[in-house]
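Visitor: Residue numbers (our numbering): 400 to 807. Glycine included, each C-beta is placed from N, C-alpha and C at the ideal position.
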Amino acid sequence: MSFTVEQECPQCGAPVELDETDHLLQCPYCEVNSFLFSDDYFRFILPHNAPGREIIYAPYLRFKGSVFSCGRQAVRHRVVDITHLGVPFKRFPVSLGLRPQAMKMQFVKVDTKGSFLRCFLKTSDLLARAEKHSSASDSGQVFHRAYIGEALNLIYLPLYIEKSALFDAITNRPVAKLPKESDILSPITDKHPQWKLTFMATLCPRCGWNLTGEKDSVVLTCGNCETAWEAKRGKFVQVDLAVVAGDRPDASYLPFWKIAVQTKGLEINSYADFIRTTNQPKAIQKAWEKVEMYFWCPAFKIRPKLFLYLSRQMTVSQKVLNTSGRFPKRYLYPVTLPLSEAIQGMKVTLAGSAVNKRKIMPLLPDISFSIKSSALVYVPFTETAHEMVQEHMNVSINKKSLEFGRYL
Ligand SMILES: [Zn+2]
Ligand SMILES: [Zn+2]
Numbered sequence: 400m401s402f403t404v405e406q407e408c409p410q411c412g413a414p415v416e417l418d419e420t421d422h423l424l425q426c427p428y429c430e431v432n433s434f435l436f437s438d439d440y441f442r443f444i445l446p447h448n449a450p451g452r453e454i455i456y457a458p459y460l461r462f463k464g465s466v467f468s469c470g471r472q473a474v475r476h477r478v479v480d481i482t483h484l485g486v487p488f489k490r491f492p493v494s495l496g497l498r499p500q501a502m503k504m505q506f507v508k509v510d511t512k513g514s515f516l517r518c519f520l521k522t523s524d525l526l527a528r529a530e531k532h533s534s535a536s537d538s539g540q541v542f543h544r545a546y547i548g549e550a551l552n553l554i555y556l557p558l559y560i561e562k563s564a565l566f567d568a569i570t571n572r573p574v575a576k577l578p579k580e581s582d583i584l585s586p587i588t589d590k591h592p593q594w595k596l597t598f599m600a601t602l603c604p605r606c607g608w609n610l611t612g613e614k615d616s617v618v619l620t621c622g623n624c625e626t627a628w629e630a631k632r633g634k635f636v637q638v639d640l641a642v643v644a645g646d647r648p649d650a651s652y653l654p655f656w657k658i659a660v661q662t663k664g665l666e667i668n669s670y671a672d673f674i675r676t677t678n679q680p681k682a683i684q685k686a687w688e689k690v691e692m693y694f695w696c697p698a699f700k701i702r703p704k705l706f707l708y709l710s711r712q713m714t715v716s717q718k719v720l721n722t723s724g725r726f727p728k729r730y731l732y733p734v735t736l737p738l739s740e741a742i743q744g745m746k747v748t749l750a751g752s753a754v755n756k757r758k759i760m761p762l763l764p765d766i767s768f769s770i771k772s773s774a775l776v777y778v779p780f781t782e783t784a785h786e787m788v789q790e791h792m793n794v795s796i797n798k799k800s801l802e803f804g805r806y807l
């Protein structure tokens, strides 16, 4: 379930509807695009119906994404969607219920009136809570867990105080009694939250052309100078880009992260090491001893089962691809999964690739990777009636799953 956000176009002021995970505001009125950036996760408020009241905003931390857990014999996965109260008050509603689905959220603005309670819930604690609720399906020892997030944000519920009771400022109904003698909220209140949303002009920093992407893109591309860009600290930073040469003019290009790593805690210094260590049924060629080890990962949101399948298939096959392809002028699938999330998935890919799982799984807690380099690689796929097929890598993806992944 995805929540809707209403935001004014920074150029012309028209109201534009976005999904909570969208980054690119495409104004249908003035046709100017703006990229939404914040150093920290996005913060939203639910608009209140209590004009004239002093509003207190209570924080709820939200995570939506895939959770992978590596047990002794298998990698299990599921989709998690959890929102939980971020302050330690028992009488507050623990979740937002249906509110965010029933109404449109807004970004917190510098001039949003009201005071904001600080969030005490850490992401790791929120995820541990999600874990606890699903412990039945996760029986047995777990050696490693990874969380690949699609949304991590803070949603504020508006409240106000009347006669020592706390009221929900959306429904104007009481939600909790406050102790008369002490002021419990003031010590944890921020009058002026520092959080800020930045609107970035989507112009190529190198050549000045318009960068292109879709609503949910986290990397934008320039079709003029054939470059790719991601936002960091309010600026567009260039991403290393490669395009695999396609045999067909009508190929569709799907983006993948290709990450070169140094492994600690396990002897994987080359592709040959990886094949040996994970016990693949492949005869090791001498040249592979000199081939650098890369992890591959989809650079787009997709169901966890397919995420693991694609990462594993492309990492194990590790085909030497001809990356002299020209930048495709069309059929570019948007990059919706940032590199930071792809990195979270590498250990899961290693675990999922291992044929000798009982041997590899217990080693996972002591294994770590340092990133040597990374690149975004567009790989050509051929479209059939129901699937997207990559013949060289022996990979196929159901078209419906690909569409569905964007609306997880
Ligand atoms: Zn506009
Ligand atoms: Zn450019």
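To the nearest angstrom, how far is it from the Cα of E666 to the Cα of L705?
Guide: As a first step, residue 666 must be located in the sequence shown, where it is residue number 267. As a first step, residue 705 must be located in the sequence shown, where it is residue number 306. Between E666 and L705, the C-alpha separation is close to 28 Å.
Visitor: Tell me the rounded alpha-carbon separation between W608 and F443.
Guide: Residue mapping note: residue 608 aligns to position 209 of the sequence shown, counting from 1. Residue mapping note: residue 443 aligns to position 44 of the sequence shown, counting from 1. Cα to Cα, W608 sits roughly 31 Å from F443.
Visitor: Going by alpha carbons, who is nearest to P761 out of L565, L640 and C469?
Guide: Indexing the sequence shown from 1 puts residue 761 at position 362. Considering only alpha carbons, the answer is C469.
Visitor: Fully enclosed by the segment 730-786, which beta strand (DSSP E) runs are 3 residues long or longer?
Guide: 767-782
Visitor: Out of D646, M599 and A659, which has the shortest C-alpha to C-alpha gap to A630?
Guide: The residue labelled residue 630 in the question sits at position 231 within the sequence shown. Considering only alpha carbons, the answer is M599.
Visitor: Starting from D480, follow its DSSP beta bridges and name the residues at the other end.
Guide: Here residue 480 is taken as the residue at index 81 of the sequence shown, counted from 1. Answer by DSSP bridge pairing, in chain order: K463.
Visitor: Between I455 and R461, what straight-line distance do the alpha-carbon atoms span, to the nearest angstrom?
Guide: Start at 1 with the first residue of the sequence shown, and residue 455 comes out as number 56. Start at 1 with the first residue of the sequence shown, and residue 461 comes out as number 62. One C-alpha to the other measures close to 19 Å.
Visitor: When the distance is taken between beta carbons, is S433 closer than 8 Å to P414?
Guide: The count along the sequence shown starts at 1 and reaches residue 414 at position 15. The count along the sequence shown starts at 1 and reaches residue 433 at position 34. No, these two residues do not count as a Cβ contact at 8 Å.
Visitor: Nearest-angstrom Cα distance between H422 and F726?
Guide: Reading the sequence shown from its first residue, position 23 is the one you call residue 422. Reading the sequence shown from its first residue, position 327 is the one you call residue 726. Roughly 23 Å between the two C-alpha positions.
Visitor: Kindly provide the ranges of any beta strand (DSSP E) runs that are 3 or more residues long and lie completely inside the segment 407-465, ordered along the chain.
Guide: 414-418, 423-425, 432-436 and 441-444
Visitor: List in chain order: all unbroken beta strand (DSSP E) runs of 3+ residues lying wholly within the segment 668-702.
Guide: 693-697
Visitor: Taking only three categories from DSSP, how would you classify D524?
Guide: If you number the sequence shown from 1, residue 524 lands on position 125. D524: helix per DSSP, three-state reduction.
Visitor: List the whole-angstrom C-beta distance separating I481 from A529, where the pair is believed to meet the contact cut-off of C-beta under 8 Å.
Guide: Looking up residue 481 in the sequence shown gives position 82. Looking up residue 529 in the sequence shown gives position 130. Between the beta-carbon of I481 and that of A529 there is about 5 Å, and that keeps the pair under the 8 Å contact cut.
Visitor: Under 7 Å: does the beta carbon of R702 sit that close to some heavy atom of ligand 2?
Guide: As a position in the sequence shown, residue 702 is number 303, starting the count at 1. Incorrect: R702 has no Cβ contact closer than 7 Å to ligand 2.
Visitor: Taking P654 as part of the beta strand (DSSP E), name the residues at either end of that continuous run.
Guide: Counting from one through the sequence shown, the residue named residue 654 turns up at place 255. Unbroken beta strand (DSSP E) run through P654: S651 to K663.
Visitor: Could you give the residue range of the beta strand (DSSP E) that holds A501?
Guide: As a position in the sequence shown, residue 501 is number 102, starting the count at 1. A501 -> not in any beta strand (DSSP E); alpha helix (DSSP H) instead, spanning R498 to A501.
Visitor: Buried or exposed: where does I770 fall if 16 or more other Cβ atoms within 10 Å of its Cβ makes it buried?
Guide: The count along the sequence shown starts at 1 and reaches residue 770 at position 371. When all chains shown are included, I770 counts as exposed.
Visitor: Hey, how far is the Cα of S494 from the Cα of E407?
Guide: For the purposes of this step, residue 494 is taken as the residue at position 95 of the sequence shown. For the purposes of this step, residue 407 is taken as the residue at position 8 of the sequence shown. If you take the alpha carbons of S494 and E407, they lie about 28 Å apart.
Visitor: Could you give the distance in angstroms between the alpha-carbon of K508 and the alpha-carbon of P586?
Guide: Translated into the one-based positions of the sequence shown, residue 508 becomes position 109. Translated into the one-based positions of the sequence shown, residue 586 becomes position 187. Taking the straight line joining both Cα atoms gives about 22 Å.
Visitor: Would you call the segment 521-528 and the segment 554-571 in contact, with 3 or more CB pairs under 8 Å?
Guide: no
Visitor: Count the C-beta pairs between the segment 752-761 and the segment 673-681 that are closer than 8 Å, then say yes if the count reaches three, no if not.
Guide: At 8 Å Cβ cutoff, the stretches touch.
Visitor: Using CA coordinates, which residue listed in G751, Q500, Y732 and F441 is at the minimum distance from L709?
Guide: What you label residue 709 is simply residue 310 of the sequence shown in a count that begins at 1. Ranking the options by Cα distance to L709, first place goes to G751.
Visitor: Is the closest heavy atom of ligand 1 to the C-beta of A686 under 7 Å?
Guide: Position 287 of the sequence shown, counted from the start, is the residue given in the question as residue 686. For ligand 1, not one heavy atom lies less than 7 Å from the Cβ of A686.
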